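Asker: Plus 16 on top of the position in the sequence shown (first one is 1) and you've got the numbering used here.
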Amino acid sequence: MIARMGALALVRTEAGDVKVPCGGDVEPGDLVERRPGEPLRRVRAYLSGDYPTPDTELARLDRRRKHLVERSRALAAIRGLFAARDFVEVETPLRVRAPALEVQLHAVPAGDGEWLITSPEYQMKRLLAGGFERIYQVCKCFRGHEDGHQHAPEFTMLEWYRAWAGLDDILDDTEALVAEVARAVRGEPVVVAQGRRIPVDGAWPRLTVAEAMATHAGVTVRGDEPVEELAAAVTAAGIDLGGAVHWDDVFFAAFVERVEPALAAMDRPVFVTDWPVRLAALARRKPGNPAVVERFEAYVGGLELANAFGELTDPVEQRARFEDDLAARAARGLPAYPLDERLLAALTEGLPPCAGIALGIDRLVMLATGADHIRDVLTFAHDER
17 MIARMGALAL
27 VRTEAGDVKV
37 PCGGDVEPGD
47 LVERRPGEPL
57 RRVRAYLSGD
67 YPTPDTELAR
77 LDRRRKHLVE
87 RSRALAAIRG
97 LFAARDFVEV
107 ETPLRVRAPA
117 LEVQLHAVPA
127 GDGEWLITSP
137 EYQMKRLLAG
147 GFERIYQVCK
157 CFRGHEDGHQ
167 HAPEFTMLEW
177 YRAWAGLDDI
187 LDDTEALVAE
197 VARAVRGEPV
207 VVAQGRRIPV
217 DGAWPRLTVA
227 EAMATHAGVT
237 VRGDEPVEEL
247 AAAVTAAGID
257 LGGAVHWDDV
267 FFAAFVERVE
277 PALAAMDRPV
287 FVTDWPVRLA
297 ALARRKPGNP
307 AVVERFEAYV
317 GGLELANAFG
327 ELTDPVEQRA
337 RFEDDLAARA
347 ARGLPAYPLD
357 ERLLAALTEG
367 LPPCAGIALG
377 IDRLVMLATG
387 ADHIRDVLTF
397 AHDER
C-alpha cells in the first residue's frame, strides 16, 4: 500500500512495516499511513509520540466516523423500506424559479432568477399529477437563516407521497420508517434524545393542536379567531408575546414556550395533528371543521422530525392560499417570490387525492445515533466546507 503527501511516498511492506523510499531528512508531520479499518492518521506517533490535536481535520473526522457509518446504514434502511412498499425513487431539480412562499422560509438565491429548493414538494406533486402513485426522494435542501444544534442551512430531506391515500397511511409509514432506521442503527426500535432512550415501535400517541395548546399552554385555539382575540388569550396565560403582532407569531409564542417543552418531556414520540389553516397553505381543510387542516407534525424527544399534509388539490383555493402567503411576506417586508404556475396548472389538470410528508434525515440520524448536535452527523458542516 502506498500513501502520498506532496512528493513523499510511503510503502507498506508485506511484513507490515512502513518504509520511506527516499533519502534526506523527513519531518515526522509529513509521514502518512492508512491502517486497515481506520481513518487516515499521521505516523508521527512512531517517531515522536505526538498525536493530532483535537482541532485537526483528521481528529474531527475520526470523531464523526461512527455516526457517518451509522448514517449510511440509516439511508440503506430507508431505501429498503420504500422498495418493499413499491415506491419509486425520483429526483427533481435543486434550482427552481418559484420557491416555497411560507413566511418562515428564506430561499437561497441561485442566480439567473432561480433559487435553491427549500423542499422538493412542488415538483413531486407535479409527478403525482402526471400519474405516479407512490414516490419518494432523498435530496439536499437549502434554507437561509437556519443554524443551530438542530438546524443547518444545507440539509438532507426525505419526502414521500401517496396518491389515492390519506394522512393515516403516512402516519403508518412514519412509524414503520423510524422504527426500521432505529433497528438498522442500534439493533432495536429505540432512539436516544438528550440522553433519554425513547421506544419508537408500535402506534404513537396523537394530540391535536387544540388539545396541546389547552393542556400545556392554557390557551384555547380555534384557528379562525382574530389575532387580537388570540393575543389576549396568550397574554392572559402569562406568556410574553415578545412584540408579536401577526397571528402565526402570536400562536408560536405560546407553542414554543409551553407546548414544545411538554412534548420534549414525553417518553414516546407523538403526532400533533389538526393544525390551523393559517399555518398550512398546502394542506386540505378537515371535513366539518374548515378552520383546521389535515396536517401533522411528528415530535420525538422534543425534536420536530417531520411535517405531513393531506394535500390540497383544488387549484382555485391553492392560488388564493399562495396569494395570502405573498401578502403575509409583504407585511413582514420579506422578498416576494413568483407563484409556481406549473404546479397550479398541474392541479388544474387533476391532482388525485393524496398525502405526503417531509422528514429531516439529519435529525432522524441524530435520534438514531444519540448525537446531540446536527453537525455530528454531517460529513462537513456549512462552516467546514
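Beta carbons are placed, not taken as given, at the ideal position from N, Cα and C, and that holds for glycine.
Predicted model only: the values in this text are computed from it and were never measured.
(1) Please tell me whether V106 and I133 are closer than 8 Å, where the distance is taken between their beta carbons.
(2) Please identify the residue among H167, A168 and D189 whose C-alpha is closest to the C-alpha of W176.
(3) Could you say which of L279, V201 and T231 lies nearest to L84 if we only look at CA atoms?
(4) Given R57, which residues of its chain have a CB within under 6 Å of its CB, disregarding the five upstream and five downstream residues?
(5) Alpha helix (DSSP H) containing M140: first to last residue?
(6) Return the CA-CA distance between A90 and A198, expressed in angstroms with no decimal places.
(7) Evaluate the contact criterion for the stretch 334 to 343 versus the stretch 116 to 130: three or more CB pairs, one atom per stretch, below 8 Å.
(8) Can you tell me whether Q334 is helix, strand or coil according to DSSP?
(9) Based on Cα-Cα distance, which residue from D102, R358 and E245 lies nearest to G366?
(10) What's the C-alpha gap between A248 and G254?
(11) Going straight from the alpha carbon of T395 to that of L77, what length do you get?
(12) Thinking just about the alpha-carbon of each residue, which of F171, H167 and E162 is nearest to the one in C155?
(13) Let me make sure I understand the geometry here. Which of A219, A145 and P169 has the alpha-carbon closest to that of R159?
(14) Can you give me the Cβ contacts of D205 inside the same chain, cut-off strictly under 7 Å, excluding the 5 residues immediately before and after it?
(15) Just grab the DSSP bridge partners of G164 for me.
(16) In whole angstroms, what separates the C-alpha of F148 from that of F103?
(17) Near A281, which residues of its chain fall below 8 Å by C-beta distance, leaving aside the five closest residues on each side in sequence?
(18) Would T166 and R379 be called neighbours here (beta carbons separated by less than 8 Å)?
(19) If you measure between the beta carbons of V286 and L223, is that distance less than 8 Å?
(20) Buried or exposed: where does W180 fall if 16 or more other Cβ atoms within 10 Å of its Cβ makes it buried?
(21) Is it buried or exposed, R20, if we count other Cβ atoms within 10 angstroms and call 16 or more buried?
(22) Quick check: the Cα distance between D399 and W263, rounded to an integer number of angstroms?
(23) Contact check, A269 vs A260 under 8 Å by CB: the rounded distance?
(24) Can A296 and V309 be called in contact, C-beta distance under 8 Å?
(25) Roughly how many angstroms lie between the CA atoms of D283 and L383, to the nearest whole one?
(26) If distances are taken between C-alpha atoms only, which option among D356, F312, L321 and A346 comes closest to P405?
(27) Using only CA atoms, which one of G164, G182 and E130 lies nearest to G372?
(28) Once DSSP output is grouped into helix, strand and coil, what is the label at P68?
(29) Going by DSSP, what residues sit across from F312 in a beta bridge?
(30) Please name the residue in Y138, R81 and K82 whose C-alpha comes closest to that of Q421.
(31) Expressed to the nearest angstrom, what Euclidean distance is found between the alpha-carbon atoms of V393 and E86?
(32) Quick one: what's R199 bridged to in DSSP?
(33) Tell me whether W176 sits in a helix, a strand or coil according to DSSP, three-state version.
Answerer: Concretely, from the data shown:
(1) no
(2) D189
(3) V201
(4) In this prediction, R57 scores a pLDDT of 49, lower than 50, which makes its location untrustworthy; no coordinate-derived value is stated.
(5) E137 to A145
(6) 8 Å
(7) yes
(8) helix
(9) R358
(10) 10 Å
(11) 8 Å
(12) F171
(13) P169
(14) In the sequence as displayed, the identity of residue 205 is Pro instead of Asp. Around P205: A195, A198, R199, P215, V216 and D217.
(15) Partner(s): none; G164 has no beta bridge.
(16) 9 Å
(17) G318
(18) Here the sequence assigns Gln to residue 166, which means Thr is not the residue at that position. Yes. Within cutoff.
(19) yes
(20) exposed
(21) For R20, the predicted structure reports a pLDDT of 46, less than 50, and the residue's modelled location is therefore unreliable. A value from the coordinates is still provided. The residue in question, R20, is exposed, as its Cβ has fewer than 16 Cβ neighbours within 10 Å.
(22) 35 Å
(23) 5 Å
(24) yes
(25) 14 Å
(26) The question about residue 405 has no answer, for the chain in this structure spans 17 to 401.
(27) G182
(28) Low per-residue confidence applies at P68: pLDDT is 46, beneath 50, and the placement is therefore not dependable, though the value from the model is reported in the following sentence. In the structure shown, P68 sits in coil (DSSP, three-state: anything other than H, G, I, E or B).
(29) T289 and A324
(30) Nothing about residue 421 can be read from this structure; the chain reaches only from 17 to 401.
(31) 9 Å
(32) Partner(s): none; R199 has no beta bridge.
(33) strand
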